[in-house]
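Trainee: Below you'll find the structure I mean.
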Amino acid sequence: MESNKTFKDRRTHYCGELRRKHIGEKVVLFGWVNKVRDIGSLVFIDLRDREGLVQVVVSKEQKQLIKQAKQIRMENVLGVKGVVQSRKEDMKNPGLSTGDIEVQADEMTLFSESATPPFVISDDVKATEEMRLKYRYLDLRKPSMQKNIKLRHKAALKVRNFLDQKGFFEIETPFLTKSTPEGARDYLVASREYKGRFFALPQSPQIFKQIFMISGFDRYFQVVRCFRDEDLRADRQPEFTQIDMEMSFAEQEDVLSITEEMMVSLFELIGIKPKRPFPRLTYKESMEKYGTDRPDLRNEMEIKDLTDTGSKIDSNIIKAALEAGGELKGLVVPNKGDLSRSQLDKAGEKARKAGAKGIIWIKKEDRFKSPLKLKLEDFAHLWKESGAQQKDLLLLIADKSETALRILGELRMDFYDSKKSENRDIEFVWVTDFPLFEWSEDENKLVSMHHPFTSPRKEDLSRLEKEPLKVRSNAYDLVVNGVELGGGSIRIQDMETQKRIFKVLDLGQEEMKKKFGFFLEALTYGTPPHGGIALGFDRTVMILAGEQSIRDVIPFPKTTSSLCLMTESPSEVDSKRIDELGIKIIDKYKGRNHDEK
RNA sequence: GGGGUCGUAGUUCAGUUUGGUUAGAACGCCGGCCUGUCACGCCGGAGGUCGCGAGUUCGAGUCUCGUCGGCCCCGCCA
Numbered sequence: 003m004e005s006n007k008t009f010k011d012r013r014t015h016y017c018g019e020l021r022r023k024h025i026g027e028k029v030v031l032f033g034w035v036n037k038v039r040d041i042g043s044l045v046f047i048d049l050r051d052r053e054g055l056v057q058v059v060v061s062k063e064q065k066q067l068i069k070q071a072k073q074i075r076m077e078n079v080l081g082v083k084g085v086v087q088s089r090k091e092d093m094k095n096p097g098l099s100t101g102d103i104e105v106q107a108d109e110m111t112l113f114s115e116s117a118t119p120p121f122v123i124s125d126d127v128k129a130t131e132e133m134r135l136k137y138r139y140l141d142l143r144k145p146s147m148q149k150n151i152k153l154r155h156k157a158a159l160k161v162r163n164f165l166d167q168k169g170f171f172e173i174e175t176p177f178l179t180k181s182t183p184e185g186a187r188d189y190l191v192a193s194r195e196y197k198g199r200f201f202a203l204p205q206s207p208q209i210f211k212q213i214f215m216i217s218g219f220d221r222y223f224q225v226v227r228c229f230r231d232e233d234l235r236a237d238r239q240p241e242f243t244q245i246d247m248e249m250s251f252a253e254q255e256d257v258l259s260i261t262e263e264m265m266v267s268l269f270e271l272i273g274i275k276p277k278r279p280f281p282r283l284t285y286k287e288s289m290e291k292y293g294t295d296r297p298d299l300r301n302e303m304e305i306k307d308l309t310d311t312g313s314k315i316d317s318n319i320i321k322a323a324l325e326a327g328g329e330l331k332g333l334v335v336p337n338k339g340d341l342s343r344s345q346l347d348k349a350g351e352k353a354r355k356a357g358a359k360g361i362i363w364i365k366k367e368d369r370f371k372s373p374l375k376l377k378l379e380d381f382a383h384l385w386k387e388s389g390a391q392q393k394d395l396l397l398l399i400a401d402k403s404e405t406a407l408r409i410l411g412e413l414r415m416d417f418y419d420s421k422k423s424e425n426r427d428i429e430f431v432w433v434t435d436f437p438l439f440e441w442s443e444d445e446n447k448l449v450s451m452h453h454p455f456t457s458p459r460k461e462d463l464s465r466l467e468k469e470p471l472k473v474r475s476n477a478y479d480l481v482v483n484g485v486e487l488g489g490g491s492i493r494i495q496d497m498e499t500q501k502r503i504f505k506v507l508d509l510g511q512e513e514m515k516k517k518f519g520f521f522l523e524a525l526t527y528g529t530p531p532h533g534g535i536a537l538g539f540d541r542t543v544m545i546l547a548g549e550q551s552i553r554d555v556i557p558f559p560k561t562t563s564s565l566c567l568m569t570e571s572p573s574e575v576d577s578k579r580i581d582e583l584g585i586k587i588i589d590k591y592k593g594r595n596h597d598e599k
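Numbering (our numbering), first residue to last: 3 to 599.
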């Protein structure tokens, strides 16, 4: 091993790409030491780079080299010059894609030693997520993470090529922009030159992309970072990436069609060809059948309305619920008739916690079994109408329709074993015809379900002021396997309608002008009909990679409490910087700081 | 903001139910042996503020309270 740290040769191959066809070739490899197996007169070194592993051999005839090989430790950075040689039949490793060959080393250069890593770099060795995030640079060396990040790159490239081919321009929009009143909490950036004033990081480039349409760019897209200062989940990060698109002279069908085509092209990356057109559900259908607006269609269970049947049944509980304006909803859980009493109690407990008065279950063995005492013919009637079969379990909730649907929707997923189904099943679905508004108990007012630039359905326009909750919108969501991939809408094209919407949202004239004046004015200068969609890029890659969390497809994610464990941010800053911004910190010692001071 | 769960060697965990001797294992690390290993094997060794802080107790990894941190969920996320 040479002591100098420069290597006179250039790399000829990546470790992971060597195969039988390279036998006899002189190669130069650079990589990290995955593992050293020193068996005395032979030393085996597994060398790893982004494309994979290859075994390097040094034998005792190479007196100088083997002495040095014995000094090598895991995660050292090594240059190896050697010859690819075939392995004898009984020495092959069928578990390794390079397992038919190995590299007989002639020269080695140690570029860099590694401190003992806090965890072994391997997909098989499980480090806690806390460790993985703190030492993210080591975690990213793992083959699975290298694969995910590569897939992410390929997916971004696919998107760009596809949309370029369809005539879309990728145009950037500002990160330092204006705070908007609606929607998620903004991340704010203090202005030094204008104390007391703030930029906001964009929750999405919504207004800018609509302005691009007004500006005549016709078709826009961006693979763009968005920021939302809200609490995190396995599929939610404070900064995330969207595939943001907008098209002029386009109707809903145009947007859906091009999105489907793009998704099909993305899924080529994992060798899956989703069937087109994707199935569609209206919001109403989705809620009634699945109790959610993002149904997982891999799960075939559907919620049934049994209100009619229920009204004919001799049961005080059901009667009381129906008379109070409630409905009777049923869910047949296939082959779960053998569920134990405690498991059923658990479901009941969950239903009560979620706001239902309770849950009724019915099983059919030689006779019907249920905590509900019913006449045989009533049991038979319910059983038949629900479509249940012998070994099934029928769950009933008699309650406000919304409550019953929501809870059965959750139980529907609780009783679904996603691992049991085909692992790589991909079930897309469009959910359309969302309500334009929903009631916010919190703010005690109407809020946009999608965003305030969403156009109402023409046929519902007359109800806008009188019955706003009944107005449907030209909005749509794309859902895959129960994950909301994204959503979009056909936008409002004229200032009058836009103003009417703001008014229904109870945005005063003054506030309207202050927050959106520039946009309302822009709408008056010749706005083409337009619409678009924004798709969660991280979630898309997560599905493509078969991961359960978007953290596994984001190089540097935050923890569920919005901390970066690697950089230890957010962090305090020099008080001078704070003064410059005209900001005063009130409650400084909250959270982590408190522990350290 | 709320609920659940976890925090013990460098790492992953056992031990906590029922408080009591010197806190264990595996991997990793250090030293030695080994010519076909690939989860190499064998021999030996080092390595612990039991997250942090209070409290209860003769005695706390174990019980109580608080706190910090990881993960999952509800609220929130147009």
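No residue lacks a Cβ here, since even glycine has one placed at the ideal position from N, Cα and C.
So what does DSSP say about I272, is it helix, strand or coil?
Mentor: Looking at I272 - three-state DSSP - the assignment turns out to be helix.
Trainee: Considering only the beta carbon of each residue, do K211 and E253 sit closer than 7 Å?
Mentor: No, these two residues do not count as a Cβ contact at 7 Å.
Trainee: What number of angstroms, rounded off, separates the C-alpha of M3 from the C-alpha of V543?
Mentor: For M3, the pLDDT reaches just 48, beneath the cut-off of 50, and the residue's location in the model is therefore unreliable, leaving the point undetermined.
Trainee: Per DSSP, what are the beta-bridge partners of H532 in this structure?
Mentor: Bridge partners of H532: S250.
Trainee: With DSSP as the reference, please indicate the residues paired to D2 in a beta bridge.
Mentor: A question about residue 2 goes unanswered here, because the residues of the chain that appear run from 3 up to 599.
Trainee: Could you pull out every residue in the same chain whose Cβ sits closer than 6 Å to the Cβ of V38, ignoring the five residues on either side in sequence?
Mentor: Excluding residues within five positions, the ones whose Cβ falls inside 6 Å are I47, I74.
Trainee: In the DSSP assignment, what residue or residues form a beta bridge with D401?
Mentor: Paired residues: E329.
Trainee: Using a 10 Å radius around the Cβ and a threshold of 16 neighbouring Cβ atoms, would you call N483 buried or exposed?
Mentor: Classification of N483: buried, given that the 10 Å Cβ count is 16 or more.
Trainee: Assess, as a yes-or-no matter, whether the region 403-413 is touched by the region 293-308 under the definition of 3 or more beta carbon pairs within less than 8 Å.
Mentor: Yes: the two stretches touch, three or more of their Cβ pairs being nearer than 8 Å.
Trainee: Can you give the beta carbon distance from V433 to Y478, rounded, assuming they're within the 8 Å contact cut?
Mentor: That belief holds up - the Cβ atoms of V433 and Y478 are roughly 7 Å apart, short of 8 Å.
Trainee: At the level of alpha carbons, what is the spacing between Q562 and D233?
Mentor: Position check: residue 562 holds Thr in this sequence, whereas Gln was assumed. Those two C-alpha atoms are separated by around 7 Å.
Trainee: Among the residues of its own chain, which have a CB less than 6 Å from the CB of Q345, if the five just before and after it don't count?
Mentor: Once the five neighbours on either side are set aside, Q345 has no close Cβ partner at all.
Trainee: Got a sec? Which residues, its chain only, sit under 7 Å from Q224 by beta carbon, not counting five neighbours each side?
Mentor: So the list reads E172, I173, E174, T175, P207, D246, once near-sequence residues are dropped.
Trainee: Between the alpha carbons of I492 and P454, how many angstroms are there, rounded?
Mentor: So the alpha carbons of these two residues sit roughly 11 Å apart.
Trainee: What does the Cβ neighbour count give for L44, buried or exposed, with the cut at 16 atoms within 10 Å?
Mentor: L44 comes out exposed.
Trainee: Once the 5 residues before and after M514 are set aside, which same chain residues still bring their CB inside 6 Å of it?
Mentor: Closer than 6 Å at the Cβ level, and outside the excluded window around M514, lie F504.
Trainee: Expressed to the nearest angstrom, what Euclidean distance is found between the alpha-carbon atoms of R13 and E27?
Mentor: Each residue's alpha carbon lies about 13 Å from the other.
Trainee: Between which two residues does the alpha helix (DSSP H) containing V161 stretch?
Mentor: That run of the alpha helix (DSSP H) goes 145-167.
Trainee: At which residue ranges does the region 297-375 contain complete beta strand (DSSP E) runs of 3 or more residues, listed in the order of the chain?
Mentor: Entirely contained in the region 297-375, the beta strand (DSSP E) runs reaching 3 residues are, in chain order, 305-307, 329-335, 362-366.
Trainee: Are the region 111-125 and the region 68-86 touching, with three or more C-beta to C-beta distances below 8 Å?
Mentor: Segments in contact, yes.
Trainee: Identify which residue in H452, E445, L537 has its Cα closest to the Cα of D508.
Mentor: Minimum Cα distance to D508 is reached at E445.
Trainee: Have a look at S551 and G538 and give me their C-alpha separation to the nearest angstrom.
Mentor: About 13 Å.
Trainee: CB-CB under 8 Å to V191, same chain, minus the five flanking residues each way: which ones, in chain order?
Mentor: For V191, where only same-chain residues beyond five positions count, the Cβ hits under 8 Å are L178, F200, F201, A202, L203.
Trainee: Taking all protein chains shown into account, do 16 or more other C-beta atoms lie within 10 angstroms of the C-beta of A358, making it buried, or fewer, making it exposed?
Mentor: A358 comes out buried.
Trainee: Does the beta-carbon of N318 have 16 or more other beta-carbons within 10 angstroms, so that it is buried, or is it exposed?
Mentor: So N318 counts as exposed.
Trainee: Give the DSSP-derived three-state secondary structure of Y222 in the structure shown.
Mentor: In this structure, Y222 counts as strand in the three-state DSSP scheme.
Trainee: Please report the straight-line C-alpha distance between V58 and L153, rounded to a whole angstrom.
Mentor: Roughly 28 Å between the two C-alpha positions.
Trainee: Identify, in the order they occur along the chain, each residue of the same chain with its Cβ nearer than 7 Å to the Cβ of G360, setting aside the five sequence neighbours on each side.
Mentor: So the qualifying residues of the chain are G350, A353, R354.
Trainee: What are the boundary residues of the beta strand (DSSP E) that includes V543?
Mentor: V543 -> not in any beta strand (DSSP E); alpha helix (DSSP H) instead, spanning 539-547.
Trainee: Helix, strand or coil for V122 per DSSP?
Mentor: If DSSP states are grouped into helix, strand and coil, V122 belongs with coil.
Trainee: Would S464 and I494 be called neighbours here (beta carbons separated by less than 7 Å)?
Mentor: It is not a contact, given that the beta carbons lie outside the stated cut-off.
Trainee: Report the three-state DSSP secondary structure of S464 (helix, strand or coil).
Mentor: In this structure, S464 counts as helix in the three-state DSSP scheme.
Trainee: Which value, in whole angstroms, describes the spacing of the CA atoms of A524 and I213?
Mentor: A524 and I213: Cα-Cα distance of roughly 7 Å.
Trainee: Three or more C-beta pairs closer than 8 Å, one from the region 121-134 and one from the region 86-98: is that the case here?
Mentor: Cβ pair count under 8 Å is below three, so no.
Trainee: To the nearest angstrom, how far is it from the Cα of A382 to the Cα of E290?
Mentor: Cα to Cα, A382 sits roughly 24 Å from E290.
Trainee: Counting only the same chain and skipping the five closest in sequence on each side, list residues whose C-beta sits under 6 Å from that of I362.
Mentor: Around I362: L374, L398.
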